[in-house]
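The numbers in the sequence shown follow our numbering, run straight up by one, and end at 216.
No residue lacks a Cβ here, since even glycine has one placed at the ideal position from N, Cα and C.
Okay, so here's the structure we're looking at.
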Amino acid sequence: MKQALSLLAAVVVLTGAMATPQALAAPLHHAPALLTAKPCSSTWEVTGRKVAVRRPAWNDGPVATTASPVHHYLHRGDRVTSCTVAVARTQSGPAYRKCGKSGSLWRIVPGGQVPQTCLKRAR
């Protein structure tokens, strides 16, 4: 029972809910349900003419480079879903120059990674 109370107190602290002594004495199976994350719904539109979706090679690390193998291509007007960004760290200067701009952020899309400078948020 002592573990159940401490677990319930931890849930109350993490969720920010106010607890009364009666709520702390309640059985563990009446604990509030945890919230689940919403599915990814950020849509991006391709602005470049032909943009390569690259997958990092085995020796590239977690972020693609301009020399990483091409998985497939996206064309102007295509829409992709992406909620995650990868940051390419360099010693000095930007990591790439694509679609007329330089940058270091790669959007993670289905199939690989795309330079963020070649995408704009779709409405």
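Practice problem: To the nearest angstrom, report how far apart G141 and N152 are at their CA atoms. | Solution: Their backbone Cα atoms lie some 27 Å apart in a straight line.
Quiz item: Skipping 5 residues on each side, what residues in its chain have a beta carbon closer than 7 Å to that of P187?
Solution: The beta carbon of P187 lies closer than 7 Å to those of S195, G196 and S197 in the same chain, with the five residues before and after it left out.
Self-check item: Top-ranked residue by Cα proximity to T210, from A181, R169 and G193
Solution: Answer by Cα proximity: G193.
Exercise. Report the rounded CA-to-CA distance for R172 versus Y166, giving the unit in angstroms.
Key: Inter-residue distance for R172 and Y166 is about 12 Å (C-alpha atoms, whole angstroms).
Exercise. Determine the DSSP secondary structure at Q60, reduced to helix, strand or coil.
Key: In this structure the chain extends from 94 to 216, so residue 60 is not present and cannot be described.
Quiz item: Cβ atoms of R200 and W137: under 8 Å apart, would you say?
Solution: It is a contact, given that the beta carbons lie within the stated cut-off.
Practice problem: Measure the C-alpha to C-alpha separation of H164 and L128 and round it to an integer number of angstroms. | Solution: Rounded to whole angstroms, H164 and L128 show a C-alpha spacing of 35 Å.
Practice problem: Would you list the one or two residues that DSSP bridges to R190? | Solution: Per DSSP, S195.
Quiz item: Expressed to the nearest angstrom, what Euclidean distance is found between the alpha-carbon atoms of R147 and V139?
Solution: If I take the Cα positions, the gap works out to 15 Å.
Quiz item: Roughly how many whole angstroms lie between the Cα atoms of T159 and G205?
Solution: Put simply, the backbone Cα of T159 is about 13 Å away from that of G205.
Self-check item: Status (buried if at least 16 other CB within 10 Å, exposed otherwise) for P208
Solution: When all chains shown are included, P208 counts as buried.
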